[in-house]
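Going by the numbering used here, the sequence shown opens with residue 451, and the numbers climb by one from there.
No residue lacks a Cβ here, since even glycine has one placed at the ideal position from N, Cα and C.
Below is one structure, written out as structure tokens; comments come after it.
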Amino acid sequence: MSDARLPSSSCLEGLEPQLPPPGERAAGCALCQEGGGRVVFAHPLLRLVHAQEPGLEAFYRIVWTAHVREWSELPAPQQWLCMQAVAVVERAMREVIAPHKVNLASLGNVVPHLHWHIIARYEWDGHFPAPVWAPAHTAPQDVPPQRLQWLRERRAALEAAMCAGLQALLQGGAPPAA
Ligand SMILES: [Zn+2]
């Protein structure tokens with residue numbers, strides 16, 4: 451990035467994730483070793499990745515860079531930043547792809563490294579109205595292809611809105627004074 455205010459974040463194509471320093475990676479933790487999806491935005495504190503789940507075109511994750519097991523382990527200003535980042539992604543979805551509902555989830559039962567799932571849901575998706583982790587009632591190949599195509603055509607605008615929001619958030623860097 452040439453913008454001097456943004457020395458360490460970017461949203462270029464082909465981004466590499468910013469991972470914890472090797473000495474701070476938890477043994478066996480996938481999110482300490484790799485991005486966890488296609489990296490859309492990278493910053494030293496957090497990244498946004500596209501989950502690339504078949505049939506769920508607008509499934510993203512905010513992954514905290516440091517290996518932290520629970521959100522409440524973060525200092526309060528970082529808790530705030532983490533949730534504001536989730537809000538930025540959700541708001542971009544509402545504005546650009548108008549989902550029926552946005553689902554937020556922080557599970558981490560399989561990979562206990564702090565990350566939030568942000569998933570745009572539609573009444574036509576193969577799991578709706580159940581969570582995306584429930585068995586699909588419609589296989590990905592049977593979801594209406596024109597619906598998926600509509601989302602793919604909006605992906606660039608969606609991710610541009612997400613990146614712009616995350617850059618603005620991380621430039622600010624601290625919660626507003628109470
Ligand atoms: Zn980890």
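Whole angstroms are fine: how far does the CA of residue 622 sit from the CA of residue 589? Counting from one through the sequence shown, the residue named residue 589 turns up at place 139. Counting from one through the sequence shown, the residue named residue 622 turns up at place 172. Each residue's alpha carbon lies about 43 Å from the other.
Return the CA-CA distance between residue 598 and residue 575, expressed in angstroms with no decimal places. Reading the sequence shown from its first residue, position 148 is the one you call residue 598. Reading the sequence shown from its first residue, position 125 is the one you call residue 575. Rounded to the nearest angstrom, the two C-alpha atoms are 9 Å apart.
With respect to 7 Å, is the separation between the Cβ of residue 476 and the closest non-hydrogen atom of ligand 1 below this value? Numbered from its first residue, the sequence shown carries residue 476 at position 26. Within the cutoff, so yes.
On a CA-only basis, which of 523, 507, 563 is nearest residue 549? Give me that one, please. As a position in the sequence shown, residue 549 is number 99, starting the count at 1. Answer by Cα proximity: 507.
DSSP state of residue 564, grouped into three classes? What you label residue 564 is simply residue 114 of the sequence shown in a count that begins at 1. Note: residue 564 maps to coil in three-state DSSP.
Does DSSP put residue 481 in a helix, a strand or coil? Here residue 481 refers to the residue found at position 31 when the sequence shown is read from its first residue. DSSP places residue 481 in helix when its eight states are reduced to three.
Buried versus exposed call for residue 591 [16 or more other C-beta atoms within 10 Å across all chains shown]: Indexing the sequence shown from 1 puts residue 591 at position 141. Per the 10 Å Cβ criterion, exposed.
Nearest-angstrom Cα distance between residue 586 and residue 504? The residue labelled residue 586 in the question sits at position 136 within the sequence shown. The residue labelled residue 504 in the question sits at position 54 within the sequence shown. The straight-line gap from Cα to Cα measures roughly 11 Å.
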